[in-house]
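A.B. asks:
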């Protein structure tokens, strides 16, 4: 039977025990654990020693073969759990937060606590099959690039806000020169940090033969710069088995439509459910590619002039094409080449 309660006797009818689904709500300090009958709270610590002792006590030495974790990937706070599952070869399912939120509404959950969320996640297993669970694969290069990209984004946003604030001070009277000088020094320091991070990310990719080749292939496409290439490299390494549709969805460029009878007809638009930083760099790369990449420029003109698409719609389509071309370069380990022998190589999706 699925979802059997955890017992205190790890040796009771071991050979008859079926899969145990455990919902885990992740927070900064703790993990709320629910197996369908009992609830526990363990510290969210490096190595998760307390969680391991709990599972070993209840399931015996082969606990990793019978349990399945269901949890939401809550940014950095779920990293310890993901590493733990990878090291002990525990199959997991990472629930999209939007799916879990909608599922909680279906269950009628009006309260939101760690235990309530853990119970909801455990109940989510009714919608899954065994094929949906997998052992996490940890990519150290992707993890490092992800951490550096996150830091780069924060520094870039801070620098932009500080620059705008400093500019606004020019229109105010009575502002001390000492304050302006201090802010200018801080702005210069942030700019230096931004450049250093960009160099460090490039160095991480260049230090490994495989990623060095991948980065070179992405940079071979006109319009793709270092930051864009590193963002794409991180995405492709983070989700190595993703297909074209999944990659598009991860970037938030997948089309959605809201329509219900005659009262709601919002038309088609992109989901924006993916990484906003990735969409930002794709936007900038696409603007650059329209100027310097014959393929993207031809595709853009075709959409606007021949298909009468709005420039904004055409630009999103070009972003999607740029992403899929980059994904093709990554998966085939090839460099970008314009197919000049093809009459209209870029008009196909």
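Residue numbers (UniProt numbering): 1 to 349.
Just so you know, even glycine gets a beta-carbon here, dropped at the ideal spot from N, CA and C.
Bear in mind that the values here come from a model prediction, so they are computed numbers and not experimental data.
So what's residue 269 in DSSP terms, helix, strand or just coil?
C.D. replies: The three-state secondary structure of residue 269, taken from DSSP, is strand.
A.B. asks: Applying the 10 Å Cβ sphere with the 16-neighbour rule, what's the burial state of residue 223?
C.D. replies: buried
A.B. asks: Sort 176, 337, 31 by Cα distance to residue 52 and report the nearest one.
C.D. replies: 31
A.B. asks: Could you pull the start and end residues of the alpha helix (DSSP H) that residue 94 belongs to?
C.D. replies: Run containing residue 94: none in the alpha helix (DSSP H); it sits in the beta strand (DSSP E), 91-94.
A.B. asks: Is the beta carbon of residue 90 closer than 7 Å to that of residue 64?
C.D. replies: yes
A.B. asks: Between the region 184-198 and the region 132-140, are three or more C-beta pairs nearer than 8 Å?
C.D. replies: no
A.B. asks: Specify the secondary structure class of residue 110 as computed by DSSP and reduced to three states.
C.D. replies: coil
A.B. asks: Using 8 Å as the Cβ pair cut-off and three pairs as the minimum, do the region 229-238 and the region 324-331 touch?
C.D. replies: yes
A.B. asks: Among the candidates 109, 190, 242, whose CA atom is the shortest distance from the CA of residue 434?
C.D. replies: Only positions 1 to 349 of the chain appear in the structure, and residue 434 is not among them; the question remains open.
A.B. asks: Quick check on this structure: which residue in 158, 135, 68, 149 has the alpha carbon closest to the alpha carbon of residue 126?
C.D. replies: That would be 68, whose Cα lies nearest to the Cα of residue 126.
A.B. asks: For the beta strand (DSSP E) containing residue 136, name the first residue and the last one.
C.D. replies: Residue 136 -> no beta strand (DSSP E), and no H or E assigned at all.
A.B. asks: Answer yes or no: do residue 34 and residue 172 have a C-beta to C-beta separation smaller than 7 Å?
C.D. replies: Cβ atoms of residue 34 and residue 172: not closer than 7 Å.
A.B. asks: What is the DSSP secondary structure of residue 196, counted as helix, strand or coil?
C.D. replies: In the displayed model, residue 196 falls within a helix according to three-state DSSP.
A.B. asks: Look at the alpha carbon of residue 192 and the alpha carbon of residue 108, and state the distance between them as a whole number of angstroms.
C.D. replies: For residue 192 and residue 108, the gap between their C-alpha atoms comes out near 51 Å.
A.B. asks: How would you call residue 316, buried or exposed, if buried means at least 16 neighbouring beta carbons within 10 angstroms?
C.D. replies: buried
A.B. asks: With a threshold of 8 Å on Cβ separation, who are the neighbours of residue 184 within its own chain once the five nearest residues in sequence on each side are excluded?
C.D. replies: In its chain, beyond the 5 residues on either side, 166 have a beta carbon closer than 8 Å to the beta carbon of residue 184.
A.B. asks: Please classify residue 26: does DSSP put it in a helix, a strand, or coil?
C.D. replies: DSSP places residue 26 in strand when its eight states are reduced to three.
A.B. asks: Roughly how many angstroms lie between the CA atoms of residue 213 and residue 112, to the nearest whole one?
C.D. replies: 47 Å
A.B. asks: Compute the distance between the beta-carbons of residue 187 and residue 162, then report whether it is under 7 Å.
C.D. replies: yes
A.B. asks: Tell whether a beta-carbon distance below 7 Å holds between residue 231 and residue 281.
C.D. replies: yes
A.B. asks: Can you look up residue 385 in the DSSP assignment and give me helix, strand or coil?
C.D. replies: Because the chain spans 1 through 349 in this model, residue 385 falls outside it and cannot be assessed.
A.B. asks: Please name the residue or residues paired with residue 256 in a DSSP beta bridge.
C.D. replies: In DSSP, residue 256 forms a bridge with 269.
A.B. asks: Take residue 153 and list the residues in its own chain whose beta-carbon comes closer than 6 Å to its own, dropping the five residues that flank it on each side.
C.D. replies: 277
A.B. asks: For residue 331, which residues from the same chain have a beta carbon less than 6 Å from its beta carbon, with the 5 sequence-adjacent residues on both sides left out?
C.D. replies: none
A.B. asks: Taking the straight line between their C-alpha atoms, what separation do you get for residue 348 and residue 294?
C.D. replies: Unreliable positioning characterises residue 348 in this predicted model, as indicated by a pLDDT of 43, which lies under 50. A coordinate reading is not provided.
A.B. asks: Can you name the start and end residues of the alpha helix (DSSP H) that residue 71 belongs to?
C.D. replies: It is not in any alpha helix (DSSP H) - residue 71 instead sits in the beta strand (DSSP E) that spans 67-71.
A.B. asks: Under 8 Å by Cβ, that's how I've got residue 95 and residue 70 pegged, so tell me the actual separation to the nearest angstrom.
C.D. replies: 6 Å
A.B. asks: In chain order, what residues of the same chain have a beta carbon less than 6 Å from the beta carbon of residue 97, not counting five sequence neighbours either side?
C.D. replies: 72
A.B. asks: To the nearest angstrom, report how far apart residue 337 and residue 86 are at their CA atoms.
C.D. replies: 38 Å
A.B. asks: Less than 6 Å between C-beta atoms, sequence neighbours within five positions excluded: which residues of the same chain meet that for residue 84?
C.D. replies: 48
A.B. asks: Leaving out the 5 sequence neighbours to the left and right, which residues in its chain are closer than 7 Å to residue 227 when beta-carbon positions are compared?
C.D. replies: 198, 281
A.B. asks: How would you call residue 189, buried or exposed, if buried means at least 16 neighbouring beta carbons within 10 angstroms?
C.D. replies: exposed
A.B. asks: Report yes if the CB atom of residue 130 is closer than 7 Å to the CB atom of residue 36, and no otherwise.
C.D. replies: no
A.B. asks: Where residue 334 and residue 132 are concerned, what is the direct C-alpha to C-alpha distance, given to the nearest angstrom?
C.D. replies: Looking at the backbone, the Cα of residue 334 and that of residue 132 are separated by about 31 Å.
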